[in-house]
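Here the protein sequences line up with chains A and D, keeping their order. According to my numbering, the first sequence is numbered sequentially starting from 1. According to my numbering, the second sequence is numbered sequentially starting from 1001. Below: one structure, written as structure tokens.
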Amino acid sequence: DAKTTQPPSMDCAEGRAANLPCNHSTISGNEYVYWYRQIHSQGPQYIIHGLKNNETNEMASLIITEDRKSSTLILPHATLRDTAVYYCIVRVANQAGTALIFGKGTTLSVSS
Amino acid sequence: ETGVTQSPTHLIKTRGQQVTLRCSSQSGHNTVSWYQQALGQGPQFIFQYYREEENGRGNFPPRFSGLQFPNYSSELNVNALELDDSALYLCASSFGTGGRHTEAFFGQGTRLTVV
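Structure, rendered in structure tokens:
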């Protein structure tokens, strides 16, 4: 079973920041938080991952709380193309044989 | 584009038949994982191959089997197809060394319909 809890759906206006929350209260000390997204009928796309420090790349920012029990993925200026299902996943960092355990994710709808 | 390619993109098979799906990993990657995604659900892990050996498996029956070749491409074989095997099958590749792996990059998937 997935070790994360996400809201089933969220809406965001185009051009505004989209903040997607994720709860992972049972995360272990050696588990990273990964975010993937899946646009309809395509393969999941890697977005970002982190351990305890906040991370930023060209796609998004990841904010992890100090106790590591929750995190927020931030898309700073959402566009219509960001409409997708967003998955928050926790897993042991890059361990051989460790699967990505997907939950149902959050369906983000960006509208103009 | 991730550089992970899957073939075919769509496939229709009859119940009881066998099917082979193929995946070419991203250049430089030596690990391939396979996932099954039913309609409306998140992907479910089937198994992973690292340097031609299976090194992790999800809760799937033995009729789901795989291979990884010396060039690190991979096949997923499903025998005795059932209607519930209808799904999007996803392949993901990563690079592993010394027990550590990079993040996984997914292909576009093969849509299998069993009738």
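By construction, the Cβ of each residue, glycine as well, lies at the ideal position given by its N, Cα and C atoms. Predicted model only: the values in this text are computed from it and were never measured.
Cβ neighbour criterion (16 or more within 10 Å) applied to residue i
| i | result |
| --- | --- |
| Asp-82/A | buried |
| His-24/A | buried |
| Gly-15/A | exposed |
| Gly-1109/D | buried |
| His-1101/D | buried |
| Glu-31/A | buried |
| Gly-1016/D | exposed |
| Leu-73/A | buried |
Between the CA atoms of residue j and residue i - distance to the nearest angstrom
| i | j | result |
| --- | --- | --- |
| Ala-13/A | Val-110/A | 6 angstroms |
| Ala-60/A | Tyr-34/A | 12 angstroms |
| Pro-1043/D | Asn-54/A | 27 angstroms |
| Arg-1111/D | Gln-1026/D | 20 angstroms |
| Ile-47/A | Ala-84/A | 12 angstroms |
| Gln-6/A | Leu-1039/D | 19 angstroms |
| Arg-1051/D | Ala-1080/D | 28 angstroms |
| Asn-1090/D | Ile-39/A | First, the residue type needs correcting, since residue 1090/D is Leu and not Asn in the sequence shown. Approximately 14 angstroms, taken between the alpha carbons. |
| Gly-50/A | Gly-1056/D | 23 angstroms |
| Thr-1097/D | Ser-112/A | 45 angstroms |
| Leu-1088/D | Ile-63/A | 31 angstroms |
| Leu-1083/D | Gly-1003/D | 31 angstroms |
| Gln-1006/D | Ser-1073/D | 10 angstroms |
| His-58/A | Arg-1063/D | For clarity, residue 58/A is Glu in the given sequence; the question names His instead. Distance between the alpha carbons of Glu-58/A and Arg-1063/D: 42 angstroms. |
| Pro-76/A | Leu-20/A | 11 angstroms |
| Asp-67/A | Arg-91/A | 17 angstroms |
| Ser-1033/D | His-1010/D | 19 angstroms |
| Gly-29/A | Tyr-1035/D | 26 angstroms |
| Lys-1013/D | Thr-1020/D | 11 angstroms |
Interface residues of chain A facing residue i [CB-CB closer than 9 angstroms]
| i | result |
| --- | --- |
| Pro-1061/D | Within 9 angstroms Cβ-Cβ: nothing; Pro-1061/D doesn't reach chain A, min ~17 angstroms. |
| Phe-1064/D | Neighbours of Phe-1064/D on chain A: none; closest Cβ ~14 angstroms, over 9 angstroms. |
Closer than 7 angstroms at the beta carbon, the chain A residues around residue i
| i | result |
| --- | --- |
| Gly-1058/D | Ala-99 |
Contact under 8 angstroms by Cβ, residue i with residue j
| i | j | result |
| --- | --- | --- |
| Ser-1086/D | Asn-1077/D | no |
| Phe-1106/D | Gly-103/A | no |
| Ala-99/A | Gly-1058/D | yes |
| Thr-107/A | Ser-41/A | no |
Where residue i meets chain D, residues with beta-carbon distance less than 9 angstroms
| i | result |
| --- | --- |
| His-49/A | Glu-1103 |
| Lys-104/A | Gly-1040, Gln-1041, Gly-1042 |
Under 7 angstroms from the C-beta of residue i: neighbouring residues of chain D
| i | result |
| --- | --- |
| Gln-42/A | Gln-1108 |
| Tyr-86/A | Within 7 angstroms Cβ-Cβ: nothing; Tyr-86/A doesn't reach chain D, min ~11 angstroms. |
8 angstroms Cβ cutoff, residue i in contact with chain B
| i | result |
| --- | --- |
| Leu-1090/D | No chain B is present in this structure, whose protein chains are A and D. |
Where residue i meets chain A, residues with beta-carbon distance less than 8 angstroms
| i | result |
| --- | --- |
| Ser-1033/D | Ala-99, Leu-100 |
| Phe-1045/D | Ala-99, Leu-100, Ile-101 |
Segments assigned alpha helix (DSSP H), at least 4 residues, entirely inside the segment 16-96 of chain A: none
In chain order, which continuous runs of the beta strand (DSSP E) of length 3 or greater are located wholly inside the segment 1014-1055 of chain D? 1019-1024, 1031-1037, 1044-1050
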